[in-house]
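A short write-up of the structure that comes next.
Numbering (this note's numbering), first residue to last: 374 to 687.
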């Protein structure tokens, strides 16, 4: 039986939680970007996951859900979801080191488009012309964003930024795959179990990267990494709560507030100004994403539980 806590509907509270989760996740990404100059991606995944655990554990304890958070029906399914989500985080954090924050966020919008395709491929979901057209429109937007990075003939190719863009695109693929795994998990698992065990599995999987060059961060970098983990835990709680208080179709479009937040933080912290290609492509991708959400609402597809357990990075 699929389960998600659904108290009396409080749409404003749900929207507020969603917006706060978006701000929190972008702030977390800014912390990761700040540390990425000296700390490898696998190590940042460890800090992001390990220091989110106390926040999530405390949240479950306060809500009296430790037992449901620890109980699982499909351990292997959690492992596959954990591997996909951890891969998404690692690739995304690695790419973030080479890209401006707004561009990183914009390319990440590819994931919901890929979910539609992967759901049709792996779950047998029927995808009609309207949604496929919206997906095609979204990929046009992605192409606009990526074109300056991948066009060698432009004469302005920056290999590191191009590599970063490809890493973030691969991250979006794994994030979409994680979402497909979750769509199966929510049939038998509680939302709290999915959130808790993903945090556990991503912490464990990240330890496998120790042989690839972990470093001892200086005190300032260590503090930034710990903050990233705490923000990640808080963001996950806010995200999950948003889908408890309001319908997915109402809350989901507010994910795109992240573009405005990333522009503000990118400029204030890193002095980054997004290019016209990033802004234009992001507008097209956002339009496509909103169309997909609207169509899913028309079809009555219930995806709130899956969305409520998936962060922007897996």
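Note that beta-carbon positions come from the ideal geometry of N, C-alpha and C, so glycine has one too.
Source: prediction; values computed, not measured.
Helix, strand or coil at residue 594 [DSSP, three-state]
As a position in the chain shown, residue 594 is number 221, starting the count at 1. Helix, per DSSP.
Residues near residue 504 by beta carbon distance below 7 Å, same chain, minus five either side:
By 1-based counting over the chain shown, the position of residue 504 is 131. Excluding sequence neighbours, residue 504 sits near 489, 665 and 668.
Distance, residue 436 Cα to residue 589 Cα
On the chain shown, residue 589 is found 216 positions in, with the first residue counted as 1. On the chain shown, residue 436 is found 63 positions in, with the first residue counted as 1. Distance between the alpha carbons of residue 589 and residue 436: 36 Å.
Among 496, 520 and 430, whose alpha-carbon lies nearest the alpha-carbon of residue 649?
Counted from its first residue, the chain shown places residue 649 at position 276. With distances taken between Cα atoms, residue 649 lies closest to 520.
Other residues of its chain near residue 614: CB distance less than 7 Å, five sequence neighbours each side excluded:
On the chain shown, position 241 is the one that residue 614 refers to. Same-chain partners within the cutoff: 390.
Where does residue 682 fall in DSSP's three states?
Counting from one through the chain shown, the residue named residue 682 turns up at place 309. In this structure, residue 682 counts as coil in the three-state DSSP scheme.
Determine whether the Cβ of residue 516 lies closer than 8 Å to any Cβ atom of chain D.
This model lacks chain D altogether; it includes just one protein chain.
If the criterion is Cβ atoms closer than 8 Å, does the pair residue 569 and residue 652 meet it?
Locating residue 569 in the chain shown gives position 196, counting from the first residue. Locating residue 652 in the chain shown gives position 279, counting from the first residue. No. Outside cutoff.
Please classify residue 411: does DSSP put it in a helix, a strand, or coil?
As a position in the chain shown, residue 411 is number 38, starting the count at 1. Looking at residue 411 - three-state DSSP - the assignment turns out to be coil, as it is neither helix nor strand.
Endpoints, the alpha helix (DSSP H) within which residue 562 is located
Taking the chain shown and counting its residues from 1, the one referred to as residue 562 is at position 189. Here residue 562 belongs to no alpha helix (DSSP H), and DSSP marks it neither H nor E.
With DSSP collapsed to three states, give me the class of residue 533.
Your numbering for residue 533 matches position 160 in the chain shown. Here residue 533 sits in helix by DSSP.
Do the stretch 465-478 and the stretch 392-411 make contact, defined as three or more Cβ pairs closer than 8 Å?
yes
Within 8 Å, strictly: CB atoms of residue 567 and residue 555
Taking the chain shown and counting its residues from 1, the one referred to as residue 567 is at position 194. Taking the chain shown and counting its residues from 1, the one referred to as residue 555 is at position 182. In this structure, residue 555 lies closer than 8 Å to residue 567 by Cβ.
Report the residue from 541, 553, 457 and 508 whose alpha carbon sits nearest the alpha carbon of residue 497.
The sequence position of residue 497 within the chain shown is 124, counting from 1. Selected option, being the one with the closest Cα: 553.
If you pair each beta-carbon of the stretch 406-422 with each one of the stretch 592-604, do three or more pairs fall below 8 Å?
yes
6 Å CB neighbourhood of residue 530 in its chain, flanking five on each side removed:
Here residue 530 refers to the residue found at position 157 when the chain shown is read from its first residue. The predicted model places residue 530 with a pLDDT of 46, which falls under 50 and marks its position as unreliable, so this point remains unresolved.
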